[in-house]
Amino acid sequence: MKEDVSELVDRAVAALERARGGVVAARNEAGSELERANSELKLLRRSAEASSRTLSELSLRNGKLASEVELLKAKLIEHSAQGGEDHSVEIEKMLKEREQDLVELDSVLTEMDKLLGKSNG
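Under the working numbering, the sequence shown has 64 at position 14, and the numbering climbs by one with no breaks.
As structure tokens, then:
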């Protein structure tokens, strides 16, 4: 009887040691997964910050282009009012180029805004 109890205790201790080893291994694996997740999160944050800076820079450029377009329009109107036709074709061409730049930049800004919205939400 004493031997049976001793054997049962030995088996129970062995089972506990195996279980503890499994818990330690699971904890180590969870720690590794957490470290990987944190690394990925840091990379995503850096990427989002870079995208946000790029978006800010593009927004600033968009504002500058819009101002340039308005200035060119004003010059064209002023030039036409003074009866000058010799440079109006050049001004119209520049105006159309700037307007096209604005359209393209606005498209990029909209797309980046959508992407940043998805990554932040």
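Don't be surprised by glycine CBs; every beta carbon is placed ideally from N, CA and C.
Being a predicted model, the structure only gives us computed values, none of them experimental.
For Lys146, tell me which candidate among Ser130, Ala116, His129, Ala69 has the shortest Cα-Cα distance.
In the sequence shown, the residue the question calls residue 146 occupies position 96. The shortest C-alpha separation from Lys146 is found at Ala116.
Rounded to the nearest angstrom, how far is the Cβ of Arg148 from that of Glu118, given a contact under 8 Å?
One-based indexing of the sequence shown puts residue 148 at position 98. One-based indexing of the sequence shown puts residue 118 at position 68. So it is a contact: roughly 5 Å between Cβ atoms.
Suppose you measure from the CA of Lys52 to the CA of Val59; what does that come to, to the nearest Å?
For this step, residue 52 is matched to residue 2 along the sequence shown. For this step, residue 59 is matched to residue 9 along the sequence shown. For Lys52 and Val59, the distance between alpha carbons rounds to 11 Å.
Should Ala76 be flagged as near chain D, meaning a C-beta pair shorter than 8 Å?
No chain D is part of this structure, which consists of one protein chain only.
Which of the three DSSP states is assigned to Met162 in this structure?
Translated into the one-based positions of the sequence shown, residue 162 becomes position 112. Here Met162 sits in helix by DSSP.
Is Glu214 near Leu126, with beta carbons less than 8 Å apart?
Residue 214 is absent from the structure shown; the chain starts at 51 and stops at 171.
Would you call the CB atoms of Asp105 and Met162 closer than 8 Å?
As a working mapping, residue 105 is identified with position 55 in the sequence shown. As a working mapping, residue 162 is identified with position 112 in the sequence shown. In the sequence as presented, Asp is not what sits at residue 105; that position holds Leu. Against a cut-off of 8 Å, the Cβ pair of Met162 and Leu105 comes out as a contact.
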